[in-house]
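J.: For the sequence shown, the residue numbers in this note's numbering are 20 to 345.
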Amino acid sequence: MIQIGFPETISLVNDPNPLHLPVLLGDHPGDSILSILKPSSGEIVLDATVGLGGHSEAFLKAVGERGRLFAIDADGDNLALAKRRLGKWERQCTFIHDNFRNISRMELPMFDVIFADLGMSSQHVDDPGRGFSFRADGPLDLRFDRTRGTNASTLLRAATEDELKIIFRRYGELSQAHRLASAIFREARHQSATLETTTGLRGLVEATFGYRAPSLLPQIFQALRIAVNDEMGALEEFLQSVRPLLAPGGRLGIISFHSLEDRCVKETFRTWTTPEKDPRTGAVSKEASFELLTRKPIGASPEEVASNPRARSAKFRAVRCREITA
20 MIQIGFPETI SLVNDPNPLH LPVLLGDHPG DSILSILKPS SGEIVLDATV
70 GLGGHSEAFL KAVGERGRLF AIDADGDNLA LAKRRLGKWE RQCTFIHDNF
120 RNISRMELPM FDVIFADLGM SSQHVDDPGR GFSFRADGPL DLRFDRTRGT
170 NASTLLRAAT EDELKIIFRR YGELSQAHRL ASAIFREARH QSATLETTTG
220 LRGLVEATFG YRAPSLLPQI FQALRIAVND EMGALEEFLQ SVRPLLAPGG
270 RLGIISFHSL EDRCVKETFR TWTTPEKDPR TGAVSKEASF ELLTRKPIGA
320 SPEEVASNPR ARSAKFRAVR CREITA
């Protein structure tokens, strides 16, 4: 079963100084991203999904006046809020409006620390105009970057019934994906306004699944969000491109919020940290270029979950680039 992350509960919509609760920055030794990634004075950090800047703020405090931060986000609104939050470090920061999948095409230096938080921000959930929440009425959009791409309403209208089944089965593990796909395809064919809003889609789900709808809506909206933003494709491209950007001894850490992402990160890190072996003798012929910093994923403490429900599904994994030796 795909594990679904919980959004932050703090409202940010009209707050000129938005409060953001970044996950896994607790004080428990060995259980926070800072204690594992160990950013230190003068280092260069890449926050590949800066969001509202909570993690970046912690990194900047750790690297001090001699350190630098590069911050990327696909959401221009979030990037503007992060820039404001990190204003006191403005001279040390470079902000880039882009998707982290495109890092190979950006002019970036090598980094001591690279970090990505794959979760949504509160801003996405709390703003009905973004369409991420089925609890509020709004346009069915769900794009992180509203300047490009296809929104959710358009995707649902353009997809075939088979494509819809794949989306809801693969990204939401919906056991009766065919029923929802059939209902959506029928609405699209009749050019119904149902597929234009979040409440319209919610009503269609309720009509299709009855009393089961409340438990299925998170899976359905998650699946649609993943498809709209091609989140798995973006993560795979990021992982394929990020290795050359890590300096010797550099650390890479990723927080995921559902099992599809975590599985992708886990398998990639396992590949990077597995040495090559001689097929005849089984002896190690080449050491792995990375080492695991987290044998098991780091999760939130009960105390953190109580204060920030979004942290409940967070899983953090990290690796370190081995030093180059002569």
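By construction, the Cβ of each residue, glycine as well, lies at the ideal position given by its N, Cα and C atoms.
These numbers were taken from a predicted model, which means no experiment stands behind them.
Does the stretch 224 to 240 come close enough to the stretch 79 to 92 that 3 or more CB-CB pairs lie under 8 Å?
T.: As far as the Cβ criterion goes, the stretch 79 to 92 does not touch the stretch 224 to 240, which means the pair count is below three.
J.: Classify ALA135 as buried or exposed, calling it buried when 16 or more other Cβ atoms lie within 10 Å of its own Cβ.
T.: By the 10 Å Cβ count, ALA135 comes out buried.
J.: With a 10 Å radius around its C-beta and 16 neighbouring C-beta atoms as the bar for buried, classify SER123 as buried or exposed.
T.: Counting Cβ neighbours within 10 Å, SER123 comes out exposed, since fewer than 16 surround it.
J.: Which one of SER275, ILE203 and ALA307 has the shortest CA to CA distance from ARG289?
T.: Looking at the Cα atoms, ALA307 is the closest of the given residues.
J.: For LEU265, which beta-bridge partners are listed by DSSP?
T.: In DSSP, LEU265 forms a bridge with PHE130.
J.: Rounded to whole angstroms, what's the CA-CA distance from ILE23 to ILE185? Just pull it up for me.
T.: Model confidence at ILE23 stands at a pLDDT of 39, short of 50, so the residue's coordinates are unreliable; what they give is reported in the following sentence. In a straight line, the C-alpha of ILE23 is about 18 Å away from that of ILE185.
J.: Mark VAL303 as exposed unless 16 or more other C-beta atoms lie within 10 angstroms of its C-beta, in which case mark it buried.
T.: The residue in question, VAL303, is exposed, as its Cβ has fewer than 16 Cβ neighbours within 10 Å.
J.: If you draw a straight line from the C-alpha of GLU62 to the C-alpha of ALA266, how long is it?
T.: In a straight line, the C-alpha of GLU62 is about 11 Å away from that of ALA266.
J.: Can you list, in chain order, the residues of its chain with a C-beta nearer than 7 Å to that of GLU280? Leave out the 5 residues immediately preceding and following it.
T.: Once the five neighbours on either side are set aside, the close Cβ partners of GLU280 are LEU137 and LEU254.
J.: Alpha carbon to alpha carbon, what distance is there between GLY72 and ALA1?
T.: Nothing about residue 1 can be read from this structure; the chain reaches only from 20 to 345.
J.: Compare the beta carbon distance of PHE153 and PHE240 with 8 Å and say whether it is the shorter of the two.
T.: Yes; because the gap between Cβ atoms is below 8 Å, this pair is in contact.
J.: Tell me the rounded alpha-carbon separation between SER141 and ASN327.
T.: So the two alpha carbons sit approximately 11 Å from each other.
J.: Report the option in ARG85, ASN121, THR68 and ARG110 whose CA atom is closest to the CA atom of ASP96.
T.: Among ARG85, ASN121, THR68 and ARG110, the Cα nearest to that of ASP96 is on THR68.
J.: In terms of residues, what are the limits of the beta strand (DSSP E) holding ASP3?
T.: Past the boundaries of the shown model lies residue 3; the chain is included only from 20 to 345, so the question cannot be answered.
J.: Taking 8 Å as the cut-off, decide whether the C-beta atoms of LEU105 and SER75 are in contact.
T.: Yes, the pair counts as a contact, with Cβ atoms nearer than the cut-off.
J.: By a C-beta neighbour count over all protein chains shown, 10 Å radius and 16 as the cutoff for buried, is GLY269 buried or exposed?
T.: Buried, since its Cβ has 16 or more Cβ neighbours within 10 Å.
J.: By Cβ distance, which residues of its chain are closer than 7 Å to SER51, with the 5 residues on each side in sequence left out?
T.: Answer for SER51: LEU43, LEU44 and GLY45, listed in chain order.
J.: Nearest CA to the CA of THR217: which residue from LEU199, SER172, SER201 and CYS283?
T.: Minimum Cα distance to THR217 is reached at SER172.
J.: May I have the straight-line CA-CA distance separating ARG341 from GLU310, to the nearest angstrom?
T.: The straight-line gap from Cα to Cα measures roughly 7 Å.
J.: Which residues mark the beginning and the end of the beta strand (DSSP E) in which SER304 is found?
T.: Unbroken beta strand (DSSP E) run through SER304: 303 to 305.
J.: Since THR213 contacts GLY219 with CB under 8 Å, what's their CB separation in whole angstroms?
T.: Confirmed, Cβ separation roughly 4 Å.
J.: From which residue to which residue does the alpha helix (DSSP H) around ALA232 run?
T.: Its alpha helix (DSSP H) spans residues 232 to 248.
J.: Would ILE274 and ALA333 qualify as a contact pair, given that the criterion is a beta-carbon distance under 8 Å?
T.: Cβ atoms of ILE274 and ALA333: closer than 8 Å.
J.: Look up THR166 in the DSSP assignment and say whether it is helix, strand or coil.
T.: THR166: coil per DSSP, three-state reduction.
J.: Under a three-way DSSP split, which group does GLN22 fall into?
T.: Its pLDDT being 41, under 50, GLN22 is placed unreliably by the model, and the measurement read from it follows with that caveat. Note: GLN22 maps to coil in three-state DSSP.
J.: Quick one, which of ARG244, ALA99, ALA77 and ARG198 has its alpha-carbon nearest ASP160's?
T.: Taking only the C-alpha atoms, the option nearest ASP160 is ARG244.
J.: Based on Cα-Cα distance, which residue from LEU183, ARG329 and ALA207 lies nearest to PRO321?
T.: PRO321 has its Cα closest to that of ARG329, out of LEU183, ARG329 and ALA207.
J.: Distance check for SER60 and LEU236, CA to CA, integer angstroms please.
T.: In a straight line, the C-alpha of LEU236 is about 45 Å away from that of SER60.
J.: Can you tell me the Cα-Cα spacing of ALA325 and PRO41, whole angstroms?
T.: Their Cα atoms are separated by approximately 14 Å.
J.: Assign ALA101 to one of two classes, buried (16 or more other C-beta atoms within 10 Å of its C-beta) or exposed (fewer than that).
T.: ALA101 should be labelled buried.
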